[in-house]
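Colleague: Dropping the structure in here first, questions after.
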Amino acid sequence: MPIENYNMSLMPPSFEPWSPKQDKSKQVAVLMSGGVDSSVTASLLRDDGWDVLGITMKIPVACTNARGCCGADAAFVCHELGLPHYFVDVTEAFRKLIIEPFQASYARGHTPSPCIDCNTLLKFTLVWDFVTDSFGIEYVATGHYARVLREDGTARLARAKDKSKDQSYFLYG
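Position 115 of the sequence shown, counted from 1, bears residue number 1153 in my numbering, the numbering being contiguous throughout.
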């Protein structure tokens, strides 16, 4: 599923452009929805000394302006935190990889889970690759409640410590 198969584009920065201050080992892109969880993630990483870049996917669902639903909130948070913020237009990829399969599955009488597909196919594949290619950033963070367990040089996804907030099931793909 190469990026080249989809017409993805980087929109101009919301405020200041990305200008790395740290080496690659301390640079992270935070995929921001405009909600509290990803906003807190960006703030915590910044406070911990990371060089943070806010990224929001522009998708065609519930868009009321050129930048898309909820993206203005993410851009505002980044501005308040002194972080650069960009929108990545994933309209075509979202339609082909999420909306069309969702509609087909629903028409067959299934109950699809588009959030899992979006996380797997868009956020943690196409958008992450796009951010790496565009900015050279190798790390990505979100506001999902889950843990990463590391042992013997490998990482494993695990449930959040607070089981009532666990979102690891959205990330399993």
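Quick reminder that beta carbons are idealized off the backbone N, C-alpha and C, glycines included. Model, not experiment: these values are computed from the prediction.
1) Based on Cα-Cα distance, which residue from D1085, K1064, T1094 lies nearest to T1180?
2) Whose C-alpha, out of P1152, L1082, K1059, is nearest the C-alpha of L1135?
3) I'd like the ranges of any beta strand (DSSP E) spanning at least 3 consecutive residues and lying wholly in the region 1097 to 1159.
4) Taking all protein chains shown into account, do 16 or more other C-beta atoms lie within 10 angstroms of the C-beta of K1161, making it buried, or fewer, making it exposed?
5) Would L1082 and L1121 qualify as a contact pair, given that the criterion is a beta-carbon distance under 8 Å?
6) With a 10 Å radius around its C-beta and 16 neighbouring C-beta atoms as the bar for buried, classify A1100 as buried or exposed.
7) Tell me whether the beta-carbon of D1085 lies closer than 8 Å to the beta-carbon of K1064.
8) From L1187 to I1175, what does the alpha carbon distance come to, in whole angstroms?
9) So, is P1050 buried or exposed, given that buried needs 16 or more other C-beta atoms within 10 angstroms?
10) For Q1065, list the residues DSSP reports as bridge partners.
11) Rounded to a whole number of angstroms, what is the C-alpha to C-alpha distance between S1057 and D1111?
Modeller: Let's see:
1) With distances taken between Cα atoms, T1180 lies closest to T1094.
2) P1152
3) 1123 to 1127
4) By the 10 Å Cβ count, K1161 comes out buried.
5) no
6) Residue confidence is low: A1100 scores 46 on pLDDT, short of 50, so the model does not pin down where it sits. Its coordinate-derived value is still stated next. Result: exposed.
7) no
8) 22 Å
9) Around the beta carbon of P1050, fewer than 16 other beta carbons sit within 10 angstroms, so the residue counts as exposed.
10) D1089
11) 22 Å
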